[in-house]
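Inspection log for the structure reproduced underneath, given as structure tokens.
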Amino acid sequence: SDKTQFPSFFRMVPDEIFEYPGIVQLLQYFGWNWVDLIVPEGASGERFQRMLSAHFVQKDICISFTHTVPAIISFTADTQITRKIIRLVSLLFSKKVKVILVYGNVQSLESLRMILEIYEHFMQKPLEKVWITTARWDVTNIFSGRVLTGKSLNGSLSLALHTTVVPGFEDFLESLNPFQSNIFFLKEFWCSAFFCSLPAYNMNGPGGNCTGEEKLGDLPGVAFEKKMTGQSYNIYNAVYAVAHALHAAYSMRTKHYSLETENRWNRLNIQPWQVNRYSLIKMFNVFHIEPIRK
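In the numbering used here, the protein residues as written are 1 to 294.
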């Protein structure tokens with residue numbers, strides 16, 4: 001969001017600073033004043049810890065320990081990352097603090113998934129903690145495509161980005177079918193979610209062949225989110241904002257342009273920074289509860 005380096009940048013997601021008061025209120029409501037933090041390695045994790053600590057000090061809330069998790073961007077063997085993950089498993093097991101606040105992105109979420117999976121495998125029980133996640137950490141979006149470890153995060157509390165019911169969205173999801181779509185991810189997800197195979201695409205699952213009669217609506221929420229998430233809703237609004245900005249630009253310019261000698265309209269030449277100008281004109285309508293429909 002550096003306007004000097006990125007003058008055409010337009011933020012669609014609320015700044016995370018607005019989450020800090022919400023986190024504090026949640027902890028105070030339940031009387032939790034002793035918490036652990038899990039943050040990603042690097043500047044973003046350090047910034048989150050620093051900013052949150054300033055709010056905690058004002059309300060007598062203490063951070064017992066801060067665990068940093070590495071980002072996993074591929075599944076090739078990495079001895080250093082493996083050692084860090086095993087160390088984190090030991091630390092989480094030995095800590096007596098019951099409340100853990102989690103902050104991070106999809107890549108660091110994969111690290112947490114591995115940590116919980118290792119713990120549950122060896123201990124044969126879930127890690128009994130109260131988990132609180134920030135809005136940035138979308139547990140429905142798993143980097144590996146696998147369902148997040150089921151038991152340890154059951155009952156987690158999460159701050160969420162604003163979303164609303166998008167007309168036709170659930171009907172669209174219900175209409176998806178791997179035999180009628182060229183989307184590779186849909187076929188892969190179908191085999192994983194319904195434990196079936198698609199031999200024609202060389203995709204094998206533990207069960208029989210997929211029939212196409214399977215329904216996404218029958219899947220549990222932990223496997224498939226049927227409503228539009230906050231992250232998806234922001235993307236949805238971003239597409240609307242750009243579409244309406246381009247439409248506004250076209251409408252305004254065609255009023256001033258004349259036909260060329262060959263009866264063709266002058267081609268629009270819109271610079272990135274100009275999209276923001278036109279998007280602001282339509283911003284109130286685009287972010288209204290019901291999207292604009294022509």
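For every residue, glycine included, the Cβ atom is placed at its ideal position computed from N, Cα and C.
On a predicted model such as this, the values are computed, not experimentally measured, just so you know.
Whole-number beta carbon distance between residue j and residue i, since they are thought to touch under 8 Å
i	j	result
SER158	THR133	4 Å
TRP34	VAL97	6 Å
LEU101	LEU116	With a Cβ gap of about 16 Å, LEU101 and LEU116 do not count as contacting.
ILE17	LEU37	17 Å between Cβ atoms; not a contact.
PHE48	VAL39	6 Å
LYS151	GLU110	Not confirmed; about 18 Å, so no contact.
MET12	ALA238	5 Å
ALA160	GLY104	Not a contact, Cβ separation roughly 16 Å.
ILE85	MET123	With 8 Å as the limit, ILE85 and MET123 do not qualify as a contact, their Cβ atoms being about 15 Å apart.
As assigned by DSSP and simplified to three states, the class of residue i
i	result
PRO40	strand
SER53	helix
ASN234	helix
MET228	coil
TRP190	helix
VAL13	coil
LEU157	strand
HIS247	helix
THR211	coil
LEU112	helix
ASN263	Confidence at ASN263 is low in this model, with a pLDDT of 44, below 50, so the placement of that residue is unreliable and no value is reported for it.
THR66	strand
VAL242	helix
LEU176	coil
LEU101	strand
The ligand GTP heavy atom lying under 6 Å from the CB of residue i
i	result
ASN202	In the structure on display, the ligand GTP does not appear, and there are no ligands present to speak of.
Residue of the options minimising C-alpha distance to residue i
i	options	result
THR163	VAL39, ALA248, TRP32, LYS226	LYS226
HIS67	LEU91, HIS55, SER44	LEU91
GLU41	PRO70, TRP32, ASP60	PRO70
PRO21	SER44, MET51, SER152, HIS244	MET51
PHE169	LYS84, GLN58, TYR236	TYR236
LEU27	ILE61, PRO178, PHE122	ILE61
SER44	ARG87, ARG136, ILE85	ARG136
VAL165	PHE122, ILE81, LEU219, SER232	SER232
ASP171	ALA241, ALA54, MET228	MET228
HIS55	PRO220, ILE86, HIS244, GLU19	GLU19
ASN154	ASN182, LEU176, GLY221	GLY221
Contact set for residue i: own chain, Cβ-Cβ below 6 Å, skip 5 residues either direction
i	result
LYS125	none
GLY207	PHE195, CYS196
PHE65	ASP36
PRO14	none
ILE118	VAL89
TRP32	VAL99
LEU173	LEU216
Cβ shell of residue i (< 8 Å), same chain only, five flanking positions each side left out
i	result
PHE224	ALA193, LEU216
MET203	LYS187, GLU188, CYS191, SER197
Cutoff 7 Å; reference residue i; Cβ partners in own chain excluding five residues on either side
i	result
LYS59	VAL24, GLN28
CYS210	PRO178, TRP190, CYS191, PHE194, CYS196, SER197, LEU198
Are the segment 207-217 and the segment 185-195 touching by the rule of at least three beta carbon pairs closer than 8 Å?
-> yes
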